[in-house]
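Enquirer: This structure is in structure tokens; I'll ask about it shortly.
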Amino acid sequence: MAATVRELQQQLEAEVNALRSMEKDITRNHKVRRQYTLQLNENEMVQKELDLLEEDAKVFKLIGPVLVPQDLAEAKANVAKRLEYISSEVKRLEGALKQLEQKQGLKQQDIMQAQRKLQAFHAQRRQ
Numbered sequence: 002m003a004a005t006v007r008e009l010q011q012q013l014e015a016e017v018n019a020l021r022s023m024e025k026d027i028t029r030n031h032k033v034r035r036q037y038t039l040q041l042n043e044n045e046m047v048q049k050e051l052d053l054l055e056e057d058a059k060v061f062k063l064i065g066p067v068l069v070p071q072d073l074a075e076a077k078a079n080v081a082k083r084l085e086y087i088s089s090e091v092k093r094l095e096g097a098l099k100q101l102e103q104k105q106g107l108k109q110q111d112i113m114q115a116q117r118k119l120q121a122f123h124a125q126r127r128q
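Each residue of the sequence shown is one higher than the one before, counting from 2 in the working numbering.
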């Protein structure tokens, strides 16, 4: 009997540790997604500013400590590529978050089931 209680407690502990790990992954996902969202907003603002410029406007790109002249069309293309990449990363992270949240829900159910088993075992032992 003692071995069974110990096994149930170990199973419960393993489930709780797995849940904590998932919660850390979810937190990491939120943090990275927040960073990408900020970058997305910033790049959308840059794109709007570039769209306001006339075709003969001078555009510069900051490379290290130096401002380097850049063609307006090239600047627009670079920003569009960045926006595309960041948008795809945000979508990927959202998909991963949904999967993590589903796994978290299942893990919580497993923990509740393990707790019920342990409680039932203790109740049975008292009788």
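Ideal Cβ placement from N, Cα and C applies to all residues, glycine included.
(1) From what residue to what residue does the alpha helix (DSSP H) around K62 run?
(2) Looking only at its own chain, which residues have a Cβ that is under 6 Å from the Cβ of Q71, when we skip the five neighbours before and after it?
(3) DSSP beta-bridge partners for L94?
(4) Buried or exposed for I64, going by 16 or more other Cβ atoms inside 10 Å?
(5) Can you list, in chain order, the residues of its chain with a C-beta nearer than 6 Å to that of I27? Leave out the 5 residues immediately preceding and following it.
(6) Closest to K104 by CA distance: which of V80, E16, K118, K32 is it?
(7) If the criterion is Cβ atoms closer than 9 Å, does the pair M9 and L119 meet it?
(8) Just mark V6 as buried or exposed, buried being the case when its beta carbon has 16 or more other beta carbons within 10 Å.
(9) For A58, which residues in the same chain have their Cβ closer than 7 Å to its Cβ, ignoring the five residues on either side in sequence?
(10) When the Cα atoms are used, what is the spatial distance from R83 to E43?
(11) If I'm right that L13 touches A115 with Cβ under 8 Å, what's the distance once you round it to whole angstroms?
Expert: In brief:
(1) Per DSSP, K62 belongs to no alpha helix (DSSP H); it is in the beta strand (DSSP E), 60-64.
(2) These residues qualify, in order along the chain: V60, K62.
(3) Under DSSP, L94 shares a beta bridge with no residue.
(4) Exposed, since its Cβ has fewer than 16 Cβ neighbours within 10 Å.
(5) L101, listed in sequence order.
(6) Sorting V80, E16, K118, K32 by C-alpha distance to the C-alpha of K104 places E16 at the top.
(7) Going by the sequence as given, residue 9 is Leu instead of Met. The answer is yes: Cβ separation under 9 Å.
(8) Around the beta carbon of V6, fewer than 16 other beta carbons sit within 10 angstroms, so the residue counts as exposed.
(9) Cβ neighbours of A58 beyond the five flanking positions: L73.
(10) Cα to Cα, R83 sits roughly 11 Å from E43.
(11) Contact between L13 and A115 is confirmed by a C-beta separation of about 4 Å, below the 8 Å threshold.
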